[in-house]
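Undergrad:
2 protein chains.
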Amino acid sequence: MLDTAAAKSATAEADAWLEGFARALDQRDADAAASMFGENCYWRDLIAFTWNIRTLEGREAIRDMLAATLETVCPRAWRLSGEATAEHGTVEAWFTFETQAARGEGCLRLRDGKCRTFFTAVSELKGFEERKGPSRPLGVKHRADRDRETWAEARRREQSELGTATQPYCVVIGGGQGGIMLGARLKQLGVPTIILEKNARAGDSWRNRYRSLVLHDPVWYDHLPYIPFPDHWPVFTPKDKMGDWLEMYARVMELDYWTSSACTAAAYDDAKGEWTVEVDRDGERMTLRPKQLVFATGAYGPPRMIDLPGAETFKGEILHSSRYADGSRFRGKACAVIGAASSGHDVSVDLWEAGAKVTMIQRSPTTVVKSDTLMEMGFDTYSEAALARGIDVDRADMLSASVPFALMPEGQKRLYDRIRARDADFYDRLARSGFAIDFGEDETGLLMKALRTGSGYYIDVGASDLIIDGEIEVVSGAGIETLTPGGIVFEDGREIEADAIIACTGYQSMHETVAELVSREVADRVGPCWGLGSGVKGDPGPWKGDPRNMWKPTAQEGLWFHGGNLALSRFYSKFVAMQIKARMERLPTPVYGPRG
Amino acid sequence: MLDTAAAKSATAEADAWLEGFARALDQRDADAAASMFGENCYWRDLIAFTWNIRTLEGREAIRDMLAATLETVCPRAWRLSGEATAEHGTVEAWFTFETQAARGEGCLRLRDGKCRTFFTAVSELKGFEERKGPSRPLGVKHRADRDRETWAEARRREQSELGTATQPYCVVIGGGQGGIMLGARLKQLGVPTIILEKNARAGDSWRNRYRSLVLHDPVWYDHLPYIPFPDHWPVFTPKDKMGDWLEMYARVMELDYWTSSACTAAAYDDAKGEWTVEVDRDGERMTLRPKQLVFATGAYGPPRMIDLPGAETFKGEILHSSRYADGSRFRGKACAVIGAASSGHDVSVDLWEAGAKVTMIQRSPTTVVKSDTLMEMGFDTYSEAALARGIDVDRADMLSASVPFALMPEGQKRLYDRIRARDADFYDRLARSGFAIDFGEDETGLLMKALRTGSGYYIDVGASDLIIDGEIEVVSGAGIETLTPGGIVFEDGREIEADAIIACTGYQSMHETVAELVSREVADRVGPCWGLGSGVKGDPGPWKGDPRNMWKPTAQEGLWFHGGNLALSRFYSKFVAMQIKARMERLPTPVYGPRG
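Those protein sequences? They're chains E and W, same order as listed.
Note that this note's numbering numbers the first sequence so that position 444 is 459, with each residue one more than the last.
Note that this note's numbering numbers the second sequence so that position 473 is 488, with each residue one more than the last.
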């Protein structure tokens, strides 16, 4: 740990830098401000300067952004919050600041006196702060009133009027974790919102999945905003328990959450600046007219089915993993699982536990990490140890967000070098079973695969041992030649029996859902969701630097994508909500740089 | 605020005292230990030394208790936690300690080097700690397992077996806030428990009350354990919102909570050390056989009806406030509300708001405090300001519990002197309206009335202004001579019209519920609940020093009373749960001093 003198000197350095930077901004001198950055520099902004989610790379990009935004953003009141730290030659300091529209928080990291990474994020919009703590609502008028409307009466009225007598400002399609967390943020900001959930109950998106599903991420990473999981919550939440928590949450957060409600079509009227959203609400056809429409239909879009030659001759059942719920009906049957990423592994285990004979068909190598190892080495900012160091979930989120995506591979590669060394024996045994392992094209492991393509990895919670022990067989490295009535023939001549085929072949991009509900034209204009544009297979360029189309303005006015795992949904829901709130309040929101 | 030197010297003084005290206890020298207390001294113990909830008053009582308990309790490891403080000549320090069975926490207050108040409370039972934070359950076995039982399956099995195939160790009668919080604590300690709730849904005990009811205590005082209210929660929770929270809470805390279930009879078998509890579960008769039976049927027992001479001639409706839900059917009618405490005021306002003509019949003077005043002056340890000082709800609970009940009147009298001065104008106007105000026999105000008799007070949230303005009429200081077919005649000759009479006449002691369900003999042996034995009207002596029969062993083996407002239920549920857990684990639990 640092001694006090070192902390003092780091703080002085950060303070001097920030003061100089603030002076340059005050003088509207974009060149001077940019010159305080090093050669190799990044500024990640979450809607504070850009009303966008952007990472500017290099001095020139930073200068251009400042030149374009300073006059309207009017940044000021830059102040360090707490002491700076210095480690390995990098001074890190957190600060607060204000803009015309907002209060913000950020982080700077200096190397040799120049800024290497700069991070700015809006904390709250001025005049539209959430009412909490000392400004929480009173809950009652302390005066007798013959026109009193009680909480229950007001709530019932809201529920009956919203969507009929009054129109929501925002409609969120999809009431899973993403839609619920965004809905909660919007509620706290006073944005009238309806969440459309096709299932009968909140939480069913988890309950309906396969029997043995348990979250692969640990509890410290999974909290919802406003009501964190209690201290006794298990490290890994079982799916039905998660379902119950979401259902409770939607209720006590007073979301306008329409169950058994599906969006059937949506169209944007440019002249009115309004959507027409057709809804099937439990059999009743309704039309909603929101200004903003959010797709929160899962981080991925519709199920991706692959072409299986000879499928018409196959006598058994072929189903996509999204429709796989319970293995018990496959007891004693030969099951082929196509795909060797997370759902391929989980479904294989579920089938094996149900007493099926399972063959996993691996089409491309998989990044596998043992859960214990990942918990210990990959989740250091989301853990009991982090809590003990004073890093709660909100701090951890800001820490994570402050690192530009472009710099992540470097740290991830080092992490995976250590992971491979630690679990060398495990990887040897798994490879010997015929299972193909990789760590990504640039050896950067699971997180980068998740961010770039959202596929191709598995956090091992038991399946790998079954593969090593031969309990789950693996066919790897051979394409499917054809299905036969009773099995599969591979291109290398191998042949297996199969009574059923479960396609764990992933999902299409969320923009395909837009194609289904809005139009092909709008979907193509908006383009795919997710991915960084790293150029690796499945994540084609050009380089984006931030997840494509997620949580920020898209090429279609009034159209947003929200989602990701629980952690990403938690953190970015805050920024989606503030962007929507700003528009509802007609604040100027000039978007800097490309949309999407 | 203290300077560092003063804090240092206070800490040194507390440290020296605690060291000397520990030495005396190590030497099992009860006399030496007692001699370290001042003339006028108190030791409040929550199950650490006494397996009881007791306040020992005076050196002799302390010496006797130590002489009787030291050998089995084996106290040790006394350590100050943090710095001591010194104010007005009193040094206050918090400490931790251990006993044979438990880890504990406490507080000492010294004056002139001698201890004036000492407080000891069990934090957790050794070997039976709650699993939380770093010791939270994993939630999943990371290994494929053909005998895997998922969380949902295990939960369904537990729910179907408990009460039929397996017997609960504990049954809690009453699923309101008290039963729910106790149930949650027991669940976390692994005590199989069934909670019996007569209503159809958890939370109905709040929902079913009168329309305009809102909690009179503020949110900071009302948190449930494990899942505190979120930061945006209103200061005063509306009843239906509270109902929803309790329902959510019972669900996600995984309580075995039987709705539409009433206990119809219970009997204790001394030989077996077991209860036979007859239950009507939604029409089905069942018998449960727990070892422990907790009455959590509300801080008070059955409704108290008073004798109304001539009631048989009255043509209108007479109902008790517990059955009053909605004023709308009294629109335009003349309503007499008998009683001028909390429910009398709330019902009067509800009726007035519904358009009834209301007369409040005050039988004895009422302690009234304006809500704003009480929030500002009476809730300083449960507030945003306290949170800002680092006093969270758990710390505030310990602070409150550390003050012996015997010393409370002194501070409360000073508080009410200030409150009366501040709101002198309000009290003048209220008195001029004919409403009789008092502050208790010894001028100690609302809290002492609540603790001594649980009646005779009102936190003003609007009714007093209606009384001042004459919108609610008051008849005070005259007994009811007789009801007539259309009204009430008072002893002083006054007469009012009444279409309906609502008796806000309070509740009987909870032990009357025992008389109904168990037997008169057991109820009489156990005696009344609540009250301190202060000798004031409604709280007869002898002096008890702690609420009678609440949260501690009673004269009937295996019979417990739990309840109180949200704050008391929250705090003391922890100790009830640990007492029950200790018995389930067959720890020695010798109860020192009288039961009940």
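C-beta: ideal position from N, C-alpha, C; glycine also.
Quick caveat: nothing in here was measured; it's all calculated off a predicted structure.
With 8 Å as the threshold, decide whether the Cβ of Pro-207 of chain E is near any Cβ in chain W.
TA: Taking the first sequence and counting its residues from 1, the one referred to as residue 207 of chain E is at position 192. For Pro-207 of chain E, the answer is no, since every Cβ of chain W falls outside 8 Å of its Cβ.
Undergrad: Which residue's Cα is closest to the Cα of Asn-614 of chain W: W:Val-309, W:Tyr-522, W:Ala-421?
TA: Because chain W spans 16 through 611 in this model, residue 614 of chain W falls outside it and cannot be assessed.
Undergrad: Can you list the residues of chain E that Ile-482 of chain W reaches, using a CB-CB cut of under 8 Å?
TA: Working through the second sequence from its first residue, we reach residue 482 of chain W at position 467. Chain E residues near Ile-482 of chain W: none, gap ~10 Å exceeds 8 Å.
Undergrad: In chain W, which residues lie with their C-beta within 9 Å of the C-beta of Val-533 of chain E?
TA: In the first sequence, residue 533 of chain E corresponds to position 518, counting from 1. Residues of chain W passing the Cβ test: none, with the nearest at roughly 34 Å.
Undergrad: Among residues of its own chain, excluding the 5 on either side of Gly-104 of chain E, which ones have a beta-carbon nearer than 8 Å to its beta-carbon?
TA: In the first sequence, residue 104 of chain E corresponds to position 89, counting from 1. The answer, listed in chain order, is Arg-126, Asp-127.
Undergrad: Less than 8 Å between the beta carbons of Ala-451 of chain E and Ser-491 of chain E, yes or no?
TA: Indexing the first sequence from 1 puts residue 451 of chain E at position 436. Indexing the first sequence from 1 puts residue 491 of chain E at position 476. Going by C-beta atoms, Ala-451 of chain E is nearer than 8 Å to Ser-491 of chain E.
Undergrad: Drop a sphere of 10 angstroms on the beta-carbon of Leu-153 of chain E, count the other beta-carbons inside from all chains shown, and report buried for 16 or more, exposed for fewer.
TA: As a first step, residue 153 of chain E must be located in the first sequence, where it is residue number 138. The residue is exposed, with fewer than 16 neighbouring Cβ atoms inside 10 Å.
Undergrad: Could you tell me the distance, in whole angstroms, from the CA atom of Gly-316 of chain W to the CA atom of Ala-401 of chain W?
TA: Indexing the second sequence from 1 puts residue 316 of chain W at position 301. Indexing the second sequence from 1 puts residue 401 of chain W at position 386. About 34 Å.
Undergrad: Of all Cβ atoms in chain E, is any one closer than 8 Å to the Cβ of Phe-64 of chain W?
TA: Translated into the one-based positions of the second sequence, residue 64 of chain W becomes position 49. No, its Cβ sits nowhere closer than 8 Å to a Cβ of chain E.
Undergrad: Which bits of chain W does Trp-260 of chain E rub up against, with CB to CB less than 7 Å?
TA: For the purposes of this step, residue 260 of chain E is taken as residue 245 along the first sequence, with counting starting at 1. Under the 7 Å cutoff, chain W gives Val-267.
Undergrad: Can you list, in chain order, the residues of the region 141 to 156 of chain E whose Cβ is nearer than 8 Å to any Cβ on chain W?
TA: So the list reads Glu-145, Arg-146, Lys-147, Gly-148, Pro-149, Arg-151, Pro-152, Leu-153, Gly-154, Val-155, Lys-156, given in the order they occur along the chain.
Undergrad: For the structure I just gave you, are there three or more beta carbon pairs, one from the region 585 to 605 of chain E and one from the region 39 to 57 of chain W, closer than 8 Å?
TA: Contact fails: fewer than three Cβ-Cβ distances are below 8 Å.
Undergrad: Mind checking which residues open and close the beta strand (DSSP E) that includes Gln-377 of chain E?
TA: Position 362 of the first sequence, counting from 1, holds the residue named residue 377 of chain E. Start and end: 372 to 377.
Undergrad: Helix, strand or coil: how does DSSP classify His-526 of chain E here?
TA: Walking along the first sequence from the start, residue 526 of chain E turns up at place 511. Of the three classes helix, strand and coil, the one that applies to His-526 of chain E here is helix, per DSSP.
Undergrad: Roughly how many angstroms separate the alpha carbons of Val-591 of chain W and Phe-244 of chain W, rounded to a whole number?
TA: The count along the second sequence starts at 1 and reaches residue 591 of chain W at position 576. The count along the second sequence starts at 1 and reaches residue 244 of chain W at position 229. If you take the alpha carbons of Val-591 of chain W and Phe-244 of chain W, they lie about 23 Å apart.
Undergrad: Taking Cβ positions, are Thr-84 of chain W and Tyr-607 of chain W nearer each other than 8 Å?
TA: For the purposes of this step, residue 84 of chain W is taken as the residue at position 69 of the second sequence. For the purposes of this step, residue 607 of chain W is taken as the residue at position 592 of the second sequence. Yes, Cβ-Cβ distance for Thr-84 of chain W and Tyr-607 of chain W is below 8 Å.
Undergrad: Do Val-364 of chain W and Cys-350 of chain W have their beta-carbon atoms positioned less than 8 Å apart in this structure?
TA: For the purposes of this step, residue 350 of chain W is taken as residue 335 along the second sequence, with counting starting at 1. For the purposes of this step, residue 364 of chain W is taken as residue 349 along the second sequence, with counting starting at 1. Cβ atoms of Cys-350 of chain W and Val-364 of chain W: not closer than 8 Å.
Undergrad: If you draw a straight line from the C-alpha of Ile-517 of chain W to the C-alpha of Ala-355 of chain W, how long is it?
TA: Translated into the one-based positions of the second sequence, residue 517 of chain W becomes position 502. Translated into the one-based positions of the second sequence, residue 355 of chain W becomes position 340. Going from the Cα of Ile-517 of chain W to the Cα of Ala-355 of chain W covers about 11 Å.
Undergrad: Within 10 angstroms of the Cβ of Arg-344 of chain W, are there 16 or more other Cβ atoms? Answer buried if so, exposed if not.
TA: Translated into the one-based positions of the second sequence, residue 344 of chain W becomes position 329. So Arg-344 of chain W ends up on the exposed side.
Undergrad: Between Ala-217 of chain E and Leu-498 of chain W, what straight-line distance do the alpha-carbon atoms span, to the nearest angstrom?
TA: Position 202 of the first sequence, counted from the first residue, corresponds to residue 217 of chain E. Position 483 of the second sequence, counted from the first residue, corresponds to residue 498 of chain W. Spanning the two alpha carbons is a distance of roughly 55 Å.
Undergrad: Taking C-beta pairs closer than 8 Å, name the residues in chain W that Tyr-241 of chain E reaches, listed in chain order.
TA: Counting from 1 along the first sequence, the entry for residue 241 of chain E is found at position 226. Neighbours of Tyr-241 of chain E on chain W, chain order: Pro-245, Asp-246, His-247.
Undergrad: What does a CB cutoff of less than 6 Å around Asp-623 of chain E pick up in its chain, not counting 5 residues either side in sequence?
TA: Residue 623 of chain E lies beyond the range of chain E shown here (16 to 611); nothing can be said about it.
Undergrad: DSSP has Cys-519 of chain W in a bridge; who is on the other side?
TA: Numbered from its first residue, the second sequence carries residue 519 of chain W at position 504. BP columns for Cys-519 of chain W are empty, so no partner.
Undergrad: Under a three-way DSSP split, which group does Pro-318 of chain W fall into?
TA: Position 303 of the second sequence, counted from the start, is the residue given in the question as residue 318 of chain W. Correct three-state label for Pro-318 of chain W: strand.
Undergrad: Give a yes or no on whether the C-beta atoms belonging to Ala-108 of chain E and Ala-116 of chain E are separated by under 8 Å.
TA: Locating residue 108 of chain E in the first sequence gives position 93, where the first residue counts as 1. Locating residue 116 of chain E in the first sequence gives position 101, where the first residue counts as 1. Their beta carbons are not under 8 Å apart, which means Ala-108 of chain E does not touch Ala-116 of chain E by this criterion.
Undergrad: Whole beta strand (DSSP E) runs in the region 96 to 159 of chain E with 3 or more residues, listed along the chain?
TA: Segments of the beta strand (DSSP E) lying fully in the region 96 to 159 of chain E: 100 to 102, 105 to 113, 117 to 126, 129 to 140.
Undergrad: Would you call the region 571 to 585 of chain E and the region 186 to 198 of chain E touching, i.e. three or more CB-CB distances under 8 Å?
TA: With a cut-off of 8 Å, the region 186 to 198 of chain E and the region 571 to 585 of chain E count as touching, because enough Cβ pairs lie within range.
Undergrad: Within the same chain, show all residues whose beta-carbon is closer than 8 Å to that of Asn-223 of chain E, passing over the 5 residues directly before and after it, in chain order.
TA: The count along the first sequence starts at 1 and reaches residue 223 of chain E at position 208. Once the five neighbours on either side are set aside, the close Cβ partners of Asn-223 of chain E are Asn-214, Ala-340.
Undergrad: I'd like to confirm the pairing. Which residues does DSSP put opposite Trp-58 of chain W in its beta bridges?
TA: For this step, residue 58 of chain W is matched to residue 43 along the second sequence. Its beta-bridge partners are W:Leu-71, W:Phe-133.
Undergrad: Along the chain, where does the beta strand (DSSP E) containing His-335 of chain W start, and where does it finish?
TA: Along the second sequence, one-based indexing puts residue 335 of chain W at 320. Run containing His-335 of chain W: 332 to 335, per the beta strand (DSSP E) assignment.
Undergrad: Return the residue from the list E:Glu-399, E:His-247, E:Ala-48, E:Leu-389 that minimises the CA-CA distance to Arg-151 of chain W.
TA: Locating residue 151 of chain W in the second sequence gives position 136, where the first residue counts as 1. Selected option, being the one with the closest Cα: E:His-247.
Undergrad: Report buried or exposed for Gln-307 of chain W, applying the criterion of at least 16 other Cβ atoms within 10 angstroms of its Cβ.
TA: Here residue 307 of chain W refers to the residue found at position 292 of the second sequence. Buried, since its Cβ has 16 or more Cβ neighbours within 10 Å.
Undergrad: May I have the straight-line CA-CA distance separating Gln-427 of chain W from Met-390 of chain W, to the nearest angstrom?
TA: Here residue 427 of chain W corresponds to residue number 412 of the second sequence, with the count starting at 1. Here residue 390 of chain W corresponds to residue number 375 of the second sequence, with the count starting at 1. Rounded to the nearest angstrom, the two C-alpha atoms are 14 Å apart.
Undergrad: Buried or exposed: where does Ile-68 of chain E fall if 16 or more other Cβ atoms within 10 Å of its Cβ makes it buried?
TA: Translated into positions along the first sequence, residue 68 of chain E becomes position 53. With 16 or more other Cβ atoms within 10 Å, it is buried.
Undergrad: Cβ closer than 7 Å: which chain W residues qualify as neighbours of Met-263 of chain E?
TA: In the first sequence, the residue the question calls residue 263 of chain E occupies position 248. What Met-263 of chain E touches in chain W: Met-263, Arg-266, Val-267.
Undergrad: With a cut-off of 8 Å, does the C-beta of Val-383 of chain E fall near any C-beta of chain W?
TA: Here the question's residue 383 of chain E lines up with position 368 in the first sequence. Not one chain W Cβ lies under 8 Å of Val-383 of chain E.
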